[in-house]
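Report on the following structure.
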Amino acid sequence: MQRRLADAAGAGLVSSGGASSQAPAENAAQPRILRLEGAVNLRDFGGYATEDGGRIATGRLYRCGTLADLTDGGKRAFAELDVKLICDLRRGDEKAAEPTPELAGAPSRLEIPIDPGSAVAMRERLNQGGLALKERIDFMVGINRDLASNHAEDYARMFERLLELEDGAFLVHCSAGKDRTGFACALILHALGVSEATVFEDYLLTNEAMDYEGYVLKRIRARLWADLEADRESTMALFGVRPEYLRSAYDTIAAEFEGVEHCIEQAIGLDSAARQRLRSRYVVSAEA
């Protein structure tokens, strides 16, 4: 059972599972967590203040998990978000199990399969039995270290396409929208000039977006085992996020790239000119 739990966490079987299918208006006060029917951890990660006095535009940058469970109402609401580019970070088997449906407007697709090496190692470890809370936390810490250490080229591809997008909104997602996507959004927000504290604020919203009783446990029981009895802390160690997860990625970046700024410029390849182009598209005045 423990091995299946880790496999499920690696596949990201988690959703916000909201009830409303209404898309929010595009303004600075719009909610960050978007409760579209069947959406998985769908959020607008705009609206944050930048350190130079600007603000990330709302209605332009979205993040989520799988789109496979969108209802017809959810699809109609999703169309109102005007997403023109979807960056899918899932593995091939994840996409096969939960394919992205056809969506109105036929947004372009960018597929960048990312499979953190520590996830594979942990699945092998679980074959030996046992998964204490600390092991679960260490598992997720390892995933985030791997994202920071071994996937710069993958995230560089994401930035290349983001820079090419001239109109409409951008959406980045994986299965749960928390680890691979969380690191992607951390890089984007840093490149746009928000503070580290703000990056962590956005990252930790996953725990608020997850409907634990109505979705997390329900989905695990339906897809994995019906008699699951799990305490919230242990379950959310795998299916949620903790500050130490993203912090482990930052520590890795500090050790290998001398900090996020150097990582964005040297490993990701976003020089000052490219960064300025990105800011011109996604940063507005604080009063806008």
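The C-terminal position of the sequence shown is numbered 288 in this note's numbering, with every residue numbered one higher than the one before it.
Heads up, the beta-carbon is just placed ideally off N, CA and C, and yes, glycines get one too.
It should be emphasised that the depicted structure is a prediction, and the values quoted were computed from it without experimental measurement.
Under the 10 Å beta carbon count, P243 is surrounded by fewer than 16 other beta carbons and is classified as exposed. G59 counts as buried, since no fewer than 16 other beta carbons sit within 10 angstroms of its beta carbon. Relative to the Cα of L205, the nearest Cα in the group D52, S285, C263, G177 belongs to G177. By the CB criterion at 8 Å, T71 and E37 fall inside the cutoff. With contacts defined as CB atoms closer than 8 Å, L61 and Y282 qualify as a contacting pair. Counting C-beta atoms within 10 angstroms of its own C-beta, E98 has 16 or more neighbours from the protein chains shown and is therefore classed as buried. The alpha carbon of A169 has as its nearest neighbour, out of V284, A286, E80, S280, the alpha carbon of E80. Straight through space, the alpha carbons of A77 and L163 are spaced by roughly 26 Å. Here F159 has I268, L270 as same chain residues with Cβ atoms under 7 Å from its own Cβ, once five neighbours each way along the sequence are excluded. Close CB contacts of D179 within its chain, under the 6 Å cut and outside five residues either way in sequence, are with I143 (chain order). Take the alpha-carbon of F183 and the one of H173: they are about 11 Å apart.
A contact between stretches requires three or more CB pairs, one per stretch, nearer than 8 Å, and the stretch 131-142 meets this requirement with the stretch 230-241. In the three-state DSSP reduction, C174 falls in the coil class, being neither helix nor strand.
Per DSSP, Y62 lies in no alpha helix (DSSP H); the unbroken beta strand (DSSP E) holding it starts and ends at 61-64. When secondary structure is reduced to three states using DSSP, D202 falls in the helix class. For I188, the enclosing alpha helix (DSSP H) starts and ends at 180-191. For L189, same chain residues with a beta-carbon under 6 Å away, outside a window of 5 residues either side, are V199 in chain order. Around the beta carbon of R109, fewer than 16 other beta carbons sit within 10 angstroms, so the residue counts as exposed.
Burial state of G74 is buried, judged by a 10 Å Cβ sphere holding 16 or more other Cβ atoms.
Following the DSSP letters along the chain, one finds G92 inside the alpha helix (DSSP H) bounded by residues 92-97. P31 counts as exposed, since fewer than 16 other C-beta atoms from the protein chains shown sit within 10 angstroms of its C-beta. Nearest to G46 by C-alpha distance, out of L89, D88, C185, R91, is C185. The beta-carbon distance between G53 and A286, rounded to whole angstroms, is 6 Å. This is short enough to meet the 8 Å contact definition. In the DSSP assignment, S285 falls within the beta strand (DSSP E) that extends over 283-285. The C-beta of R63 has 16 or more other C-beta atoms within 10 Å across all chains shown, which makes the residue buried. At the C-beta level, E51 and V260 stay beyond 8 Å of one another. In this structure, V284 is the residue among A96, V284, N41 with its C-alpha nearest to the C-alpha of L192. When DSSP states are grouped into helix, strand and coil, R232 belongs to the helix group.
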